[in-house]
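First up is the structure itself, then whatever we jot down about it.
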Amino acid sequence: MTNSLKSIKVGLMVRIWGGVQPKVRLSDVVFSQPIAGHPGVVQWDMGKMQSGGYERTGALNRPPNAVLTAIDQLKNENKIIGSKADEPWDKTARKHPHLASKYIRCDFLKVALLDTETQIYYGLIASGNRVIKDAKFRNALVKDFSGKLRCIEMEAAGQINEEFPCIVIRGICDYADAAKNKEWQEYAAATAAAFAKELLGYVQPSDVDTGKGYT
């Protein structure tokens, strides 16, 4: 795509995947953001042995500074007045109550939602080449990354170590454990897309320079 569309300077990888409890809940959204010495997305199953232990070497290219600045602006704005990303769902719920009711609670997972308002998180995402459906393995990964993980997924691994910079945005539809299913996928996908659209409102095309923000 980048060979034929030369004007594309940064990618938004918007999909669904598994959240890391206790903070991240179903229907929440996670933005990849550099944190604790990591570039935002790290491949958990790529690395090499060093004298100090196993060192992970796969990482997604850092996005332009203009996009990182937009994320900070979005974060600050949401703290002050809250996000507007839920507005399309509110309208849908009023017009079609039967479509919204299934997402108010999740008895099928035996996990109660803390509230019905979508929360947005910024931080580290672990990506790999296989689906994780094991709570013990998930928790071990969280420990490996000093509790900084907010999401575990696999699609971003295909872009690891590529030159094209990306922001990964994931709607949370499960907890990467044995209870993984498809019940929340549609809602999580739509919510992630809504937040991605909200982020774009803070990015000016003229501010995105392919020569800035790359490391």
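Per UniProt numbering, the very first residue in the sequence shown carries number 1; after that it's consecutive. Glycine included, C-beta positions come from ideal geometry on N, C-alpha and C.
In this structure, Leu141 and Trp17 do not form a Cβ contact; the two beta carbons are roughly 13 angstroms apart against a cut-off of 8 angstroms.
A Cβ-Cβ contact shorter than 8 angstroms links Val14 with Ala192. In this structure Pro22 is exposed. Its beta-carbon is surrounded by fewer than 16 other beta-carbon atoms within 10 angstroms. Beta-bridge pairing by DSSP links Leu124 to Leu149. If you draw a straight line from the Cα of Asn78 to the Cα of Phe195, it comes to about 11 angstroms.
In the structure shown, Asp134 adopts coil according to DSSP, grouped into three states. Short of 7 angstroms from the beta carbon of Tyr202, and not among the five residues preceding or following it, lie these beta carbons of its own chain, in chain order: Ala70, Gln73 and Leu74. Bridge pairing for Arg170: Arg15 and Val30 [DSSP]. With contacts defined as CB atoms closer than 8 angstroms, Gly19 and Tyr122 fail to qualify as a contacting pair.
Per DSSP, Gln43 is one residue of the beta strand (DSSP E) stretching across Val41 to Gln43. Ranked by Cα distance from Gly11, the options Gln159, Ile120 and Ala179 are led by Gln159.
Counting along the chain, Thr118 sits inside no alpha helix (DSSP H), nor does DSSP assign it H or E at all. Distances from the CA of Lys148 to each of Leu5, Val42 and Lys6 were compared; the closest alpha carbon is that of Val42.
Burial check for Glu153: the Cβ neighbour count within 10 Å reaches 16 or more, so the residue is buried.
DSSP places Ile71 within a helical segment (H, G or I) once states are collapsed to three.
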